[in-house]
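J.: Just so you know, the protein sequences line up as chains V and P, in that order. Here the working numbering is used: the first residue of the first sequence is 970, the next is one more, and so on. Here the working numbering is used: the first residue of the second sequence is -1, the next is one more, and so on. Each residue gets a CB set at the ideal place from its N, CA and C atoms; glycine is no exception. Structure incoming, see below.
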Amino acid sequence: MHGDSNVSFCGASRFGYAKSTPMAFASTIGNTRYTFESLRELLAKATPLRSGDVLAGVAAGSAEERVAAQFALADLPLVHFLSEQVIPYEQDEVTRLIVDTHNAGAFAPVRSLTVGELRDWLLSDDATPERLAELASGLTPEMAAAVSKLMRVQDLIAAAAKIRVVTRFRTTVGLAGRLSARLQPNHPTDDAMGIAASILDGLLLGSGDAVIGINPAGDNVVATTRLLRLIDALRQRFHIPVQSCVLAHITTQMAALEAGAPVDLIFQSIAGTEAANRSFGVSLSLLTEAHEAGKELRRGAHCADSIMGTNVMYFETGQGSALSANAHHGVDQQTLEARAYAVARHFDPMLVNTVVGFIGPEYLYDGKQIVRAGLEDHFCGKLLGLPMGCDVCYTNHAEADQDDMDTLLTLLGAAGVNYIMGVPGADDVMLNYQSTSFHDALYVRKVLGLRPAPEFEAWLAGDEFRRLRLEANHPEKLLPV
Amino acid sequence: MSEIAAAAASWVARLRALTPARVGLGRTGVSQRTSDLLQFQRAHAQARDAVHARLETAALSAAIGAISGDDVMRLNSMAADRRVYLQRPDLGRRLDERSAAALADLQIGRCDLSLIVADGLSALAVERHATPLLESLLPWLEGWRLAPICIVEQGRVAIGDEIGAALGAQLCVVLIGERPGLSSPDSLGAYVTWEPRPGRMDAERNCISNIRSEGLGYAEAAAQLVFYLSEARRRKLTGIALKEESHLIEEG
Chain V
970 MHGDSNVSFC
980 GASRFGYAKS
990 TPMAFASTIG
1000 NTRYTFESLR
1010 ELLAKATPLR
1020 SGDVLAGVAA
1030 GSAEERVAAQ
1040 FALADLPLVH
1050 FLSEQVIPYE
1060 QDEVTRLIVD
1070 THNAGAFAPV
1080 RSLTVGELRD
1090 WLLSDDATPE
1100 RLAELASGLT
1110 PEMAAAVSKL
1120 MRVQDLIAAA
1130 AKIRVVTRFR
1140 TTVGLAGRLS
1150 ARLQPNHPTD
1160 DAMGIAASIL
1170 DGLLLGSGDA
1180 VIGINPAGDN
1190 VVATTRLLRL
1200 IDALRQRFHI
1210 PVQSCVLAHI
1220 TTQMAALEAG
1230 APVDLIFQSI
1240 AGTEAANRSF
1250 GVSLSLLTEA
1260 HEAGKELRRG
1270 AHCADSIMGT
1280 NVMYFETGQG
1290 SALSANAHHG
1300 VDQQTLEARA
1310 YAVARHFDPM
1320 LVNTVVGFIG
1330 PEYLYDGKQI
1340 VRAGLEDHFC
1350 GKLLGLPMGC
1360 DVCYTNHAEA
1370 DQDDMDTLLT
1380 LLGAAGVNYI
1390 MGVPGADDVM
1400 LNYQSTSFHD
1410 ALYVRKVLGL
1420 RPAPEFEAWL
1430 AGDEFRRLRL
1440 EANHPEKLLP
1450 V
Chain P
-1 MSEIAAAAAS
9 WVARLRALTP
19 ARVGLGRTGV
29 SQRTSDLLQF
39 QRAHAQARDA
49 VHARLETAAL
59 SAAIGAISGD
69 DVMRLNSMAA
79 DRRVYLQRPD
89 LGRRLDERSA
99 AALADLQIGR
109 CDLSLIVADG
119 LSALAVERHA
129 TPLLESLLPW
139 LEGWRLAPIC
149 IVEQGRVAIG
159 DEIGAALGAQ
169 LCVVLIGERP
179 GLSSPDSLGA
189 YVTWEPRPGR
199 MDAERNCISN
209 IRSEGLGYAE
219 AAAQLVFYLS
229 EARRRKLTGI
239 ALKEESHLIE
249 EG
């Protein structure tokens, strides 16, 4: 038992799917008995402190109440998560997706465990990479979020480092001993030459093996198509093993695709509730439609291991997005973030990353909160079977600086993150925030002995790269005519 | 300078001419060079100082009073300081008790327009650009019944809803410091809201952003504001519907 803590459950629970049966939880510390009226409240109050949960009014009222919730959560059987949903099945299509696609067979090995016992198991030598991979579809996002709330930073790293999620398009991302970078060549007015200059700079510094992905300043089909053609021409001219993406709204990308644009990866920001996704202008059916359209293009290649690249989706997420859309249902932001991963994994994505510090200090106040959130997101994503990367980033109104980013970057490298961002000088001049630089990617590869994706690594060592370096002397000639 | 170094410098200069991004940075090992590191730190320091600077309301209200020829109201939100302001946007959207009472005592009757200046995330932007922008704007507003101009400390955009409603204004304009970027610590935004009242959504406003020396000039910003204000009064709305129509007008 847990020292002086005494944990009890009351209320009936039936282990049927699709039921949302609130049930009270309690634990006693010293002379104080703390009760939690629902799983939603228990998860929120067990969450390590962050400003977004305080803003939403769901955070624990004291440090002791927080740890009392963690005691109660540790003793909660995992099967309980199958009977009580944090957002009702009837009200939310993300809940329905989670419940309807739960893999009972994959869940069987951990079915008898509590949340605390799951943590112990994940960190044990019994939890091999193979067993962890088989477990992914048996866990719900709420289970992943719950166990992460009991884990320290080193636990989040140690467990995640055992999980490899490998995806392929023209490069193979996520292999052991590898770390990729998304080349992010944004420009405040989508100027083609300006974007080409940043792409060139990034390629010469070894970034781009996850994707060359542009956030456009304007969301329209013409600009999206123009930028996709720019990258595609460059790729073909120098035989670069990369995939491209223009991160416009998914409907814009689909319209470009239908008009014949060279669409490699299809991007969308997603969140953990139906209402938050609606505020992004997407639904599961729209994502399904886009996924089908992207797969049909068959633009992937045979990768280094001869397997054809068929992962075509790219998703970004971030704690706090549901609250900022006023669509959080009283659920804490980290649990909602994990629910976004349930949406993502349904579409076999090539890339998924949390944009961890982008949303601002009202959700993650300082470097400490951002660092922990980045590691939680990476761990939960990997545990649920996602090819997790991370946009290690902050805004100027957060209490954070480059030292915090170096810390998170290095810890994520140790945790086996699939990819990070590469932005010229870490300064995104379009989105006005600081991410990681091409140099940062080189640093983390060097200090941790990590290499780029195998196809890209071979290209960097070959004749085509040398030719690019020579022709780079005249950047204006790199544009398609 | 050696021939190779000169060629490299000229390549970097050509690359830099194509984008404001920090391209062409050199390396020592795989790391950034000291001069690039310090330039980044300087830009970040300026942005941080802009976020945390306190608005000099006495000087600003004197300057604005001088050009408007009227008293200026000095108000505060419910966010007592920057730390609270940054973590509780809800408190930055509401007036504190003293400010709400001061507005209630004013009793000016109905008016056409309430102009509000709020520090937002950059007091620097407000101190540099609010007065000259108002100087460009006010001559366009002859014939408009204006409420006394308000200056708000620790304010968010939506605080204009409470102020505009309390003043019985048909429209409000909030001039506010935008989130500082690494190369733009002093960017001012202007938000126009028809029939301001608590609960208005962001989609119901029109916004002009990037008002600063290297961005949108005062005359152009004032002209755009007047366009939105006149159209809002004619169509009795602001927000997405007005924006779409304005594009048709600009392009047609």
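Report the neighbours of residue 1412 (chain V) on chain P: residues whose CB is nearer than 8 Å to its CB, in chain order.
T.: Residue mapping note: residue 1412 (chain V) aligns to position 443 of the first sequence, counting from 1. Neighbours of residue 1412 (chain V) on chain P, chain order: 28 and 29.
J.: Output needed for residue 250 (chain P): all residues of its chain with C-beta closer than 8 Å, excluding positions within five of it in sequence on either side, in chain order.
T.: Numbered from its first residue, the second sequence carries residue 250 (chain P) at position 252. At residue 250 (chain P) the pLDDT is 32, less than 50, meaning the model places this residue with poor confidence; the figure from the coordinates comes in the next sentence. If we look at residue 250 (chain P) and ignore the five residues flanking it on each side, it has no Cβ neighbours.
J.: Could I get the ranges of all uninterrupted alpha helix (DSSP H) runs contained in the region 1282 to 1352 of chain V, with 4 residues as the minimum, in chain order?
T.: Correct list: 1290 to 1293, 1302 to 1314 and 1336 to 1352.
J.: My guess is that residue 1216 (chain V) and residue 1184 (chain V) are in contact by the Cβ rule of under 8 Å, so how many angstroms apart are they, rounded?
T.: By one-based count along the first sequence, residue 1216 (chain V) stands at place 247. By one-based count along the first sequence, residue 1184 (chain V) stands at place 215. Confirmed, about 5 Å.
J.: Can you pull the chain P residues whose beta carbon is under 8 Å from the beta carbon of residue 1052 (chain V), in chain order?
T.: Residue mapping note: residue 1052 (chain V) aligns to position 83 of the first sequence, counting from 1. In chain order: nothing, as chain P lies at least about 34 Å away.
J.: Using a Cβ cut-off of 8 Å (strictly closer), state whether residue 1048 (chain V) contacts chain P.
T.: In the first sequence, counting from the first residue as 1, residue 1048 (chain V) sits at position 79. It does not: the Cβ of residue 1048 (chain V) has no partner Cβ on chain P nearer than 8 Å.
J.: Comparing C-alpha positions only, which one of P:17, P:234, P:61 and P:35 sits nearest to residue 24 (chain P)?
T.: For this step, residue 24 (chain P) is matched to residue 26 along the second sequence. The candidate whose alpha carbon is nearest that of residue 24 (chain P) is P:35.
J.: If you run the structure through DSSP and keep just helix, strand and coil, what is residue 984 (chain V)?
T.: By one-based count along the first sequence, residue 984 (chain V) stands at place 15. Residue confidence is low: residue 984 (chain V) scores 40 on pLDDT, short of 50, so the model does not pin down where it sits. No coordinate-derived value is stated.
J.: Mind listing which residues of the region 1319 to 1335 of chain V have their C-beta closer than 7 Å to chain P's C-betas, in chain order?
T.: If the cut-off is 7 Å between Cβ atoms, the region 1319 to 1335 of chain V has 1330, 1331 and 1334 near chain P.
J.: Indicate whether residue 303 (chain P) and residue 194 (chain P) have their beta-carbon atoms separated by less than 8 Å.
T.: With chain P covering -1 to 250 only, the question about residue 303 (chain P) has no answer from this structure.
J.: Just the chain P side, please: which residues come within less than 7 Å of residue 1364 (chain V) by C-beta, in chain order?
T.: The residue labelled residue 1364 (chain V) in the question sits at position 395 within the first sequence. Ordered by position in chain P, the residues that pass the 7 Å Cβ test against residue 1364 (chain V) are 177.
J.: Take every Cβ of the region 1241 to 1249 of chain V, pair it with every Cβ of the region 1282 to 1300 of chain V, and state whether three or more of those distances are shorter than 8 Å.
T.: With the cut-off at 8 Å, the region 1241 to 1249 of chain V and the region 1282 to 1300 of chain V touch.
J.: Any idea which residues DSSP pairs residue 1156 (chain V) with across the strands?
T.: Stepping through the first sequence from its first residue, residue 1156 (chain V) is reached at position 187. None, per the DSSP bridge assignment.
J.: Which word fits residue 1073 (chain V), buried or exposed, when buried means at least 16 other C-beta atoms lie within 10 angstroms of its C-beta?
T.: The residue you call residue 1073 (chain V) lines up with position 104 of the first sequence. Exposed, because fewer than 16 other Cβ atoms sit within 10 Å of the Cβ of residue 1073 (chain V).
J.: Do residue 1111 (chain V) and residue 1012 (chain V) have their beta-carbon atoms positioned less than 8 Å apart in this structure?
T.: By 1-based counting over the first sequence, the position of residue 1012 (chain V) is 43. By 1-based counting over the first sequence, the position of residue 1111 (chain V) is 142. In contact: residue 1012 (chain V) and residue 1111 (chain V) (Cβ atoms closer than 8 Å).
J.: So which residues on chain V does residue 21 (chain P) lean against when the C-beta distance must stay under 7 Å?
T.: The residue labelled residue 21 (chain P) in the question sits at position 23 within the second sequence. Residues of chain V passing the Cβ test: 1166, 1167, 1170 and 1393.
J.: Residue 1367 (chain V) and residue 1329 (chain V) look like a contact to me (Cβ under 8 Å); what is the Cβ gap, rounded to whole Å?
T.: Counting from 1 along the first sequence, the entry for residue 1367 (chain V) is found at position 398. Counting from 1 along the first sequence, the entry for residue 1329 (chain V) is found at position 360. That belief holds up - the Cβ atoms of residue 1367 (chain V) and residue 1329 (chain V) are roughly 6 Å apart, short of 8 Å.
J.: Restricting to Cα atoms, I'd like to know which of P:204, P:196, P:185 and P:228 is closest to residue 214 (chain P).
T.: Taking the first residue of the second sequence as 1, we reach residue 214 (chain P) at position 216. When only C-alpha atoms are compared, the closest one is P:185.
J.: To the nearest angstrom, report how far apart residue 1122 (chain V) and residue 1129 (chain V) are at their CA atoms.
T.: For the purposes of this step, residue 1122 (chain V) is taken as residue 153 along the first sequence, with counting starting at 1. For the purposes of this step, residue 1129 (chain V) is taken as residue 160 along the first sequence, with counting starting at 1. In a straight line, the C-alpha of residue 1122 (chain V) is about 11 Å away from that of residue 1129 (chain V).
J.: Kindly say whether residue 1094 (chain V), judged by its beta-carbon, lies nearer than 8 Å to any beta-carbon of chain P.
T.: On the first sequence, position 125 is the one that residue 1094 (chain V) refers to. Not an interface residue.
J.: Could you give the DSSP three-state label for residue 216 (chain P): helix, strand or coil?
T.: Residue numbering aside, residue 216 (chain P) sits at position 218 when the second sequence is read from its first letter. Helix, per DSSP.
J.: Determine the direct distance from the alpha carbon of residue 1030 (chain V) to that of residue 1409 (chain V), and round the result to whole angstroms.
T.: Looking up residue 1409 (chain V) in the first sequence gives position 440. Looking up residue 1030 (chain V) in the first sequence gives position 61. Each residue's alpha carbon lies about 39 Å from the other.
J.: Give, in chain order, every residue of the region 0 to 11 of chain P whose Cβ lies closer than 7 Å to some Cβ of chain V.
T.: Of all residues in the region 0 to 11 of chain P, 9 have a Cβ within less than 7 Å of some Cβ in chain V.
J.: Thinking just about the alpha-carbon of each residue, which of V:1346, V:1345, V:1350 and V:1337 is nearest to the one in residue 1371 (chain V)?
T.: If you number the first sequence from 1, residue 1371 (chain V) lands on position 402. Comparing Cα-Cα distances from residue 1371 (chain V) to each of V:1346, V:1345, V:1350 and V:1337, the minimum goes to V:1337.
J.: Within 10 angstroms of its Cβ, does residue 1191 (chain V) collect 16 or more other Cβ (buried), or is it exposed?
T.: Sequence index remark: in the first sequence, residue 1191 (chain V) carries index 222 (1-based). Label assigned to residue 1191 (chain V): exposed.
J.: Measure from the C-beta of residue 85 (chain P) to each C-beta in chain A and report whether the shortest distance is under 8 Å.
T.: Reference to chain A is not applicable here, since the protein chains of this structure are V and P.
J.: Quick one: which unbroken alpha helix (DSSP H) runs of 4-plus residues sit fully inside the region 1201 to 1255 of chain V? Chain order, please.
T.: Those alpha helix (DSSP H) runs which fall completely within the region 1201 to 1255 of chain V and span 4+ residues are 1219 to 1227 and 1243 to 1248.
J.: Name the chain V residues whose beta carbon is nearer than 9 Å to that of residue 119 (chain P)?
T.: In the second sequence, the residue the question calls residue 119 (chain P) occupies position 121. By Cβ distance, chain V contributes 1365 and 1366.
J.: Quick one, which residues of the region 36 to 49 of chain P are near chain V if we go by CB-CB under 7 Å, in chain order?
T.: Flagged, chain order: 38, 42, 45, 46 and 49.
J.: For a contact meaning CB atoms closer than 9 Å, what does residue 25 (chain P) contact in chain V?
T.: Here residue 25 (chain P) corresponds to residue number 27 of the second sequence, with the count starting at 1. Those within 9 Å of residue 25 (chain P) in chain V are 1174, 1408 and 1411.
J.: Beta carbons nearer than 9 Å to chain P: which residues of the region 1154 to 1165 of chain V have them?
T.: Within the region 1154 to 1165 of chain V, the residues whose Cβ lies closer than 9 Å to some Cβ of chain P are 1154, 1155, 1156, 1157, 1160, 1162, 1163, 1164 and 1165, listed in chain order.
J.: Can you round the beta-carbon distance between residue 1391 (chain V) and residue 1153 (chain V) to whole angstroms, since I take them to be within the 8 Å contact cut?
T.: One-based indexing of the first sequence puts residue 1391 (chain V) at position 422. One-based indexing of the first sequence puts residue 1153 (chain V) at position 184. At roughly 6 Å, the Cβ-Cβ gap stays under 8 Å, so residue 1391 (chain V) and residue 1153 (chain V) are in contact.
J.: How about residue 164 (chain P) and residue 101 (chain P): do their beta carbons lie closer than 8 Å?
T.: Taking the first residue of the second sequence as 1, we reach residue 164 (chain P) at position 166. Taking the first residue of the second sequence as 1, we reach residue 101 (chain P) at position 103. Yes. Within cutoff.
J.: According to DSSP, is residue 1386 (chain V) part of a helix, a strand, or is it coil?
T.: In the first sequence, residue 1386 (chain V) corresponds to position 417, counting from 1. Here residue 1386 (chain V) sits in coil by DSSP.
J.: Classify residue 1114 (chain V) as helix, strand or coil using the three-state DSSP reduction.
T.: In the first sequence, residue 1114 (chain V) corresponds to position 145, counting from 1. DSSP places residue 1114 (chain V) in helix when its eight states are reduced to three.
J.: Find out if the Cβ-Cβ distance for the pair residue 1144 (chain V), residue 1116 (chain V) is shorter than 8 Å.
T.: The residue given as residue 1144 (chain V) occupies position 175 in the first sequence. The residue given as residue 1116 (chain V) occupies position 147 in the first sequence. Result no, Cβ atoms of residue 1144 (chain V) and residue 1116 (chain V) do not sit closer than 8 Å.
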